[in-house]
Each structure stands twice: as structure tokens, then as C-alpha cells.
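Asks: In the UniProt record's numbering, the protein residues as written are 1 to 922.
Ideal Cβ positions, reconstructed from N, Cα and C, are used throughout, including at glycine.
1. Which of helix, strand or coil does DSSP assign to residue 25?
2. Beta-carbon separation of residue 99 and residue 31 under 7 Å?
3. Quick check: the Cα distance between residue 904 and residue 898, rounded to an integer number of angstroms?
4. Pull up the CB-CB distance for residue 159 and residue 275, whole angstroms please, since I reckon it's below 8 Å.
5. So if DSSP puts residue 83 in a beta bridge, which residue, or which two residues, is it bridged to?
6. Would you mind sorting residue 391 into buried or exposed? The rule is 16 or more other CB atoms within 10 Å of its CB.
7. Counting beta carbon pairs with one atom in the segment 55 to 72 and one in the segment 129 to 147, are three or more of them shorter than 8 Å?
8. Measure the CB-CB distance between residue 142 and residue 11 and report whether it falls below 7 Å.
9. Start and end of the alpha helix (DSSP H) containing residue 150?
10. Could you check what DSSP says for residue 60 in three-state terms: helix, strand or coil?
11. If you draw a straight line from the C-alpha of residue 349 to the C-alpha of residue 328, how long is it?
12. To the nearest angstrom, report how far apart residue 277 and residue 270 are at their CA atoms.
13. Please report the straight-line C-alpha distance between residue 311 and residue 870, rounded to a whole angstrom.
14. Buried or exposed for residue 286, please, with buried defined as at least 16 other CB atoms from any protein chain shown within 10 angstroms of its CB.
15. Between which residues of its own chain and residue 323 is the CB-CB distance below 8 Å, once the five residues before and five after are set aside?
16. Exposed or buried, which one is residue 751 when buried takes at least 16 other CB atoms within 10 Å?
17. How many angstroms separate the CA atom of residue 96 from the CA atom of residue 134?
18. Where do the N-terminal and C-terminal ends of the alpha helix (DSSP H) with residue 104 fall, by residue?
19. Cβ of residue 103 within 7 Å of Cβ of residue 94?
20. Suppose contacts are defined by Cβ-Cβ distances below 7 Å. Is residue 37 in contact with residue 52 by that definition?
21. Apart from the five residues just before and just after residue 118, which ones in its own chain have a Cβ nearer than 6 Å to its Cβ?
22. If contacts are defined as beta-carbon pairs under 8 Å, then residue 115 and residue 40 qualify, I think. What distance do you get, rounded to the angstrom?
23. Where does residue 99 sit, in a helix, a strand or coil, going by DSSP?
24. Are there 16 or more other CB atoms within 10 angstroms of the CB of residue 308, so buried, or fewer, so exposed?
25. What does a CB cutoff of less than 8 Å around residue 151 pick up in its chain, not counting 5 residues either side in sequence?
26. Nearest-angstrom Cα distance between residue 8 and residue 62?
27. Return the CA-CA distance between residue 468 and residue 379, expressed in angstroms with no decimal places.
28. Within the 7 Å Cβ cut-off, does residue 17 reach chain D?
29. Less than 7 Å separating the beta-carbons of residue 4 and residue 19?
30. Which class does residue 51 belong to by DSSP, given the choice of helix, strand or coil?
31. Please classify residue 35 as buried or exposed, where buried requires at least 16 neighbouring CB atoms within 10 angstroms.
32. What number of angstroms, rounded off, separates the C-alpha of residue 216 from the C-alpha of residue 251?
33. Does residue 201 pass the burial test, meaning 16 or more other C-beta atoms within 10 Å, or should it be called exposed?
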């Protein structure tokens with residue numbers, strides 16, 4: 001029971017359980033054959049063998065169900081899958097007799113494996129594969145390995161027609177034939193052993209029956225001898241009849257072989273017709289494909305015309321987009337310039353704040369320096385007082401030294417007689433002291449002078465540095481005021497430029513709305529715009545020249561006034577304070593301008609979004625252009641494919657010839673296989689007959705020996721007679737059997753004659769069909785001649801072996817439809833001729849469209865050249881405009897610099913203007 005439970009948990013059983021519609025199956029459902037027949041009906045809805053017993057009561061009904069199941073599996077593999085089962089079929093007798101043994105489990109597993117192969121290779125295989133995917137992962141892996149074993153193992157199945165190279169296929173067939181021969185020899189040995197055992201048991205049974213018989217009486221001996229002679233005569237007659245019938249059988253076999261040759265020829269002719277029909281069917285499929293391609297080409301041509309119309313619009317859009325891009329680039333450049341100016345203004349404001357901080361710091365330093373100067377003055381006073389004291393002490397010391405000299409002189413005079421050494425020594429000491437004091441006095445004087453000079457130098461240097469710093473700070477304040485004016489002017493310019501940009505944006509929106517107009521109108525508008533631009537350029541140049549002249553005059557006047565107003569330097573400090581206030585006001589204005597600039601940046605981002613949308617539309621238009629090019633290429637590819645298909649007819653014919661040879665070899669192999677099978681059966685029957693004849697011969701020899709012994713020994717005669725009677729009964733049975741076999745052979749001969757007549761009728765039909773096929777082949781030949789004129793432009797196609805093998809499979813699978821294809825050949829040829837004409841017409845139309853395309857391309861090129869020339873002129877005019885704008889900006893910057901310099905000098909522009917007006921009034 002444990003083995004049964006493990007078997008029910010195997011992957012094949014779990015897979016078969018999916019056919020039970022959710023209910024769990026038991027082992028009895030597997031070995032009674034009812035459930036498995038239902039599973040096979042779900043896989044193959046056309047069972048060849050039906051009459052399944054739904055109620056299994058005994059072993060015979062179970063055997064019948066299993067026999068039907070195995071026959072249906074064999075017919076599915078042979079008829080549908082075109083495969084021969086090489087593996088040994090499952091022993092269903094073992095399954096029916098002893099279902100719960102290991103051997104029966106292996107046989108059921110083998111049958112489930114065959115059902116799995118049917119399910120994976122049938123028409124509903126996708127559904128079954130989905131059910132397999134719904135199982136567990138390890139079950140899926142094991143089922144995949146089993147599927148490989150069923151489909152790929154050459155020891156399990158063999159295709160009726162070779163799917164690979166002939167050498168490998170013949171090697172595999174040779175291996176299988178050698179295996180079959182070995183099995184034949186093994187079975188023959190088993191048969192001989194069984195025949196010997198049967199003879200042995202028959203002898204034993206005869207010996208056992210002969211012992212209790214009593215010996216015959218003497219008057220009956222003569223009668224027995226006469227009967228024996230009659231029996232021998234009958235045996236001779238029967239042997240002669242046997243020989244005659246064997247000769248008849250040999251003659252019939254010769255006739256049968258001749259009929260088989262005729263049948264094989266008819267089959268070959270039939271196969272050739274089938275191949276022609278398949279070729280015609282392939283040509284029909286190819287023509288259907290060509291029709292579809294022609295319809296597609298017409299649709300593509302319509303799309304091409306639309307795409308060409310769109311191309312013309314696209315070119316205009318491209319030119320307009322390029323213009324917009326250039327305008328956008330100019331706007332971005334102006335934006336960058338304005339941003340740079342803003343950043344510089346921000347930096348200038350920051351520098352103003354830093355300079356104010358530096359001013360405060362320098363003022364603190366000035367105060368500290370003044371304090372240090374006062375301290376130095378006090379030190380100088382103290383030093384001068386010390387110097388006066390030192391001079392006074394010096395004078396007192398000098399007086400003391402003179403007094404001491406006088407005293408020394410008097411002492412010398414007094415002590416002249418005592419000795420001169422003391423006076424000399426005192427004089428020397430005093431002189432040394434005096435010299436030392438002189439030296440110290442000189443050193444102190446030098447120090448005092450140095451201190452005076454250093455204090456004066458330091459005071460002067462500090463004063464100079466303070467004056468320089470004051471001047472530098474004043475200049476910085478003037479510069480900051482000028483930069484603030486510049487920044488305010490730049491902000492004004494930015495606002496103006498942004499207004500201009502907004503206006504240009506509106507203009508661009510209007511131009512985008514008018515993009516759908518014709519190209520000529522756009523060209524005229526562009527020419528008008530060019531004229532306007534040239535006029536504006538001239539106007540701007542004239543204005544710049546006029547403004548330059550007026551500015552030069554104003555500058556000269558301002559320079560004169562500068563010379564006159566140099567004396568007003570005392571008012572600089574008050575002006576600086578006023579300008580500082582103005583700088584703070586301008587700083588607040590700059591903040592407001594920065595907010596406004598942020599708003600303008602948002603508008604610019606919106607512009608950029610619109611530009612991105614335009615780019616997307618351009619990308620879509622480019623994609624349509626690419627699609628049109630792809631469609632043109634596909635049209636050319638279709639023409640090439642048409643030629644290739646027409647060329648492939650010849651290659652298919654050569655392939656069909658190869659296939660015919662392969663099929664003929666396959667037929668020969670099948671005939672040889674059938675001959676081998678028949679020889680096997682004949683050998684089996686002959687071996688049985690030989691064993692029977694040998695037993696009969698042995699029995700006859702034994703009978704002769706028994707007769708001799710009966711002549712010699714009359715006691716055993718009765719037993720021998722009884723044995724002879726038994727032998728006679730056997731001979732009668734054999735005679736009846738031979739007569740039955742003769743009747744069967746006669747019936748077979750009649751059937752063969754009927755089959756021969758049927759084959760002759762079929763041969764006549766096939767010959768008629770052959771004639772029709774020949775006519776159709778002539779038509780095809782004419783069609784091929786017409787197509788060969790088109791095929792001269794294209795090189796030969798190299799068809800691979802894999803394609804041929806696939807086509808062979810496809811051709812082999814269509815064998816079942818041979819009867820209908822022969823009748824449809826003539827109609828197909830007519831259809832092919834019509835389709836060939838339609839293909840010619842489509843080719844002519846495609847040529848006309850290609851010529852039209854070339855003309856359109858030329859016109860498009862000319863339009864593109866004109867548009868490029870117009871673009872170049874517009875670009876040059878725009879460059880000139882940009883240069884003029886840059887020049888005007890430079891002049892405005894120079895003017896602003898001059899105004900800044902005037903303001904730094906202290907000249908107010910408004911006062912100058914008022915002074916000029918007053919002079920003019922005077």
C-alpha cells in the first residue's frame with residue numbers, strides 16, 4: 001500500500017488528476033481503463049476504437065478497455081503525429097491480472113508517459129501546458145524531463161518521415177532493425193523450445209493413453225493392415241495435393257509480388273502527384289501572401305502621399321522652428337546678459353556694504369591714531385623736559401668740572417714738592433669722567449633728535465595715510481553711486497527687454513497660428529520682414545549716429561563745466577551722505593527688480609515649455625517622415641520579396657525533387673520493413689509448420705517402426721492400430737485445416753483481385769489526374785517563364801536545410817488532404833495566372849509611384865534649397881541686428897560710464913542741462 005500511495009503522488013499521476021475536474025482519483029481509476037480512455041478523448045476527440053466498457057466487472061472487460069486505449073494511442077501517434085512507437089507497449093495483461101505489483105506500476109507509468117506525449121503534441125497543447133504550469137515547481141521540472149524523454153528520445157519514438165539528415169536517420173533505423181532481428185531470433189528460439197515442450201507433453205499423453213489398451217485379436221489384423229494401406233494412400237494423395245497447392249501458393253505469391261510492384265509504382269506516382277499538389281498549394285499560399293502585400297503596398301502608397309504632404313508642411317515647420325530657436329537663443333543670450341548684469345549689481349551692492357563696513361573700521365582706526373598721536377605728543381613733552389634737565393645737569397657738571405680743575409691746579413701748586421703722581425692720576429680720572437659725560441650727552445642729544453624726527457615722520461605719514469584713505473573711500477562711494485545708477489538703468493533696460501520679449505512671444509504665438517498658410521505667403525512675409533528689418537537697421541544706425549554726435553557735444557560741455565566746478569570739493573561730504581541714501585533706495589529698487597526678474601524667469605520657463613512642446617511636435621513630424629521612409633523601403637522590400645518568391649519556385653522544385661527521392665527511399669524502407677514483418681510472420685508460421693511437420697515425420701517414422709514391430713510382435717499390434725487411428729484423426733484434422741487454409745487463400749486471392757481492380761481504377765484516375773497535373777504544370781512552366789524575366793534582376797537565394805526540413809514536415813502533414821488537392825489543381829493554376837497578372841499590374845503601379853516619388857523628391861529638394869537661401873539671408877540680417885543692438889548697448893554703457901564719472905567728479909547732470917538751457921535762453 002505504501003508503494004501504491006507513493007505512485008499516486010508521482011508527477012504523472014498528479015498531472016493526469018488535472019483531467020478529473022477537481023475531484024481526486026484513486027488507483028482503481030487508473031487500472032480499470034475507463035478514466036484514461038476519457039483523458040485520451042479529451043486529448044483526441046476522434047477515437048478510432050470505441051466501445052469502452054463503463055462498468056468493469058471482470059478481467060475481460062478491463063482487458064478490452066486497455067486494448068482500446070493502447071490501440072487509440074498507437075493510431076494517434078501514427079496517424080496524427082506521424083510517429084512510430086519504438087518503445088515496448090505496456091503489458092496491460094500484467095496490469096489487469098496483478099494491478100498492485102511494482103511491474104504493473106511501471107507499465108501504468110509507461111502508458112501515462114505515452115498519454116503525456118499525445119497531450120503535448122496535439123492541437124490543444126497550449127491548454128495542457130497552462131495546466132502543467134499551474135502545478136508545483138518540482139512537479140513541473142520532472143514533467144519537463146519526461147516530455148523531453150517522450151519527444152526527443154529516439155529509443156522511444158521514431159518519425160515516419162526523416163526530420164534530420166538521412167545518414168543519422170538511416171543509422172537509427174539500422175540500429176532498430178538489428179534490435180528487431182535479435183528479438184526475432186530470441187522469439188524463434190522461444191517458439192522452438194515451446195514446440196519441443198508441446199511434443200514432449202503430447203508424447204507423454206499418448207504413452208499414458210496407450211498403456212491400458214488390450215492387444216487386438218488375430219482376425220482383426222488383416223483388416224487393420226488394409227486400413228493402414230488405405231491410410232497411406234490417402235496420405236500420399238494429400239501430400240500431392242499439398243505440393244500442388246504449395247505450387248499454386250508460390251504462383252500466387254509471384255503474382256502478389258508483381259501486384260505489389262505495381263502498387264508501389266502507383267504509390268510513387270500518387271506521392272509525386274501529392275507533391276505537385278503540395279507545391280501548388282504552397283504557390284497558392286505565396287500568392288495569398290503577395291496579395292496581402294500588394295494590399296499593404298496600396299495602403300502604404302496612400303500613407304506615403306499623406307506623409308509627403310506632411311513633409312512639405314514639415315519643412316516649413318522646420319524652418320520656422322529653426323527661426324524660433326534662433327529667436328529663443330537670442331532671448332536666452334539677452335537673459336544671460338541681464339542675469340550677469342544683475343549678478344554684477346548684486347556684487348556691487350555687496351561691495352557697497354563691505355565698503356561701508358571698511359569706512360567704519362577706518363574711522364575707528366583714525367580715532368585710535370589720534371589718541372596715539374596725543375600720547376606721542378605727551379611723550380615728546382616729557383622728553384623735552386628731560387632733555388632740558390639733562391642740559392642743566394650737564395652745565396652744572398661742567399661747572400663742577402671747572403671747579404675741580406681749579407682745585408686740582410691749586411692742589412698741584414700746593415703739592416708740587418710732595419710728588420706729581422697723585423695730581424696726574426686725579427687729572428686723568430677727571431678727564432675720563434668728563435669724556436664719558438660728553439659722550440653720554442651726545443648720545444642723549446641724538447636720541448632726542450631721532451625721537452623728534454620719528455614723531456614728526458609718524459605724524460605726517462599717519463596724516464597722509466588718513467587723507468589717502470579718505471580720498472579712496474570718497475572715490476569708492478562715487479563708484480558705488482555710479483554702479484547703483486548703472487544697475488538701476490540696467491533694471492530699466494531689463495524691464496524693457498522683458499516687455500520686448502513678451503511682445504515677441506505674442507508675435508510668435510500669432511506666427512504659430514499662421515503656420516498653416518501656404519509656403520509662398522510665408523516667403524512673401526519673410527521678404528517683407530527682411531525689408532522691415534533692413535529699414536529698422538538703417539533707422540537704428542541713424543539714431544546711433546545722431547545720439548553719438550549729441551553725446552559727444554554734451555561730453556564736451558560737461559568737461560568744460562567740470563573744469564569750472566573743481567573748486568566745489570567742500571560739498572563732497574554732504575553729497576556722499578546724500579548718495580549713500582540714494583544707494584539704499586536703489587538697493588530697495590534692486591530688490592523689487594529682482595522680484596520682477598523672478599517673474600520674468602517664470603515666464604521664460606513657460607516659453608521654454610512651449611519650445612519643448614514645439615520640439616515634441618517636431619519629433620512627431622520627424623517620426624512620420626521616418627515612417628514614410630520606412631514605408632518606401634518596405635515597398636521596395638515587397639518588390640524584392642516578390643522577385644525572391646518567384647525565384648524560390650525553382651528552389652522549391654529542386655527541394656521537392658530531393659524530397660521525392662527521400663520519400664521514395666522512405667517508401668522503400670517501409671516496404672522492406674513490411675517485408676521483414678511479413679517474413680517474421682511467415683517465419684513464425686513456417687517455424688510452427690516445420691515443427692508440426694517434423695513432429696508428423698517423427699510420428700510417421702515411429703508408426704513405421706511400430707508397424708515393423710507389429711509384424712514382428714503381434715502382441716503390440718492393437719496398441720499400434722489405436723495409435724494409427726489417432727494419427728489418422730490428426731491427419732483428418734490437418735486435412736480439414738489445410739482445406740480451410742485453401743479457402744482462406746482463395747478468399748485472399750479474390751480480395752487481391754478486387755484490390756487489383758480497385759488499384760487499376762485508381763491508377764486510371766491517377767493517370768487522368770496526372771494528365772491534368774501535366775497541363776497545369778505546363779501552365780506553371782509558362783508562368784515561371786514569365787516570372788524568370790523578372791527574376792534576372794535578383795541574385796539566387798540560399799535556402800537553409802532547416803527551412804527545407806520545416807517545409808518537409810509541413811508537406812508530410814498535408815498527406816491526408818491528397819484527394820481534394822488533385823481536383824483543385826486546375827482551379828489553382830487559373831487563380832495563379834490571374835494573381836500573376838494582378839502582381840504585374842501592382843508592379844507597374846509601384847513603378848509609376850516610384851517615378852512620382854522621385855519627382856516629388858526633386859521638388860522637395862528645390863524647395864529646401866530656396867528655404868535654406870532664405871534662412872541664410874534672415875540669419876545674416878539677424879546677426880546684423882544683434883550686432884547693432886550690441887553696439888547700441890555699448891554706447892549706452894559708455895554714456896552711463898560718462899554720467900558716472902561726472903557724478904563722481906561732483907557734477908550733476910540735471911544742473912548741467914539747466915545751465916545749458918539758461919545759456920541758450922540768454
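Replies: Reading it off the structure:
1. Shown here, residue 25 sits in coil according to DSSP, grouped into three states, outside any helix or strand.
2. yes
3. 10 Å
4. Rounded, the Cβ-Cβ distance is 18 Å, inconsistent with contact.
5. 159
6. exposed
7. no
8. yes
9. 137 to 152
10. helix
11. 31 Å
12. 10 Å
13. Distance from the CA of residue 311 to the CA of residue 870, rounded to the nearest whole angstrom, comes to 19 Å.
14. buried
15. 871, 874
16. exposed
17. Residue 96 and residue 134 have their C-alpha atoms some 33 Å from each other.
18. Where residue 104 is concerned, the enclosing alpha helix (DSSP H) stretches over 102 to 121.
19. yes
20. Yes, Cβ-Cβ distance for residue 37 and residue 52 is below 7 Å.
21. 43, 76
22. 6 Å
23. coil
24. Flag for residue 308 reads buried.
25. 117, 120, 121, 157
26. 20 Å
27. 27 Å
28. Among the chains of the structure shown, chain D does not appear; only one protein chain is present.
29. The answer is no: Cβ separation not under 7 Å.
30. Three-state DSSP puts residue 51 in coil, outside helix and strand.
31. Buried: at least 16 other Cβ atoms inside 10 Å.
32. Here residue 216 scores only 42 on pLDDT, less than 50, and its place in the model should not be relied on; the value that follows carries that caveat. Between residue 216 and residue 251, the C-alpha separation is close to 48 Å.
33. exposed
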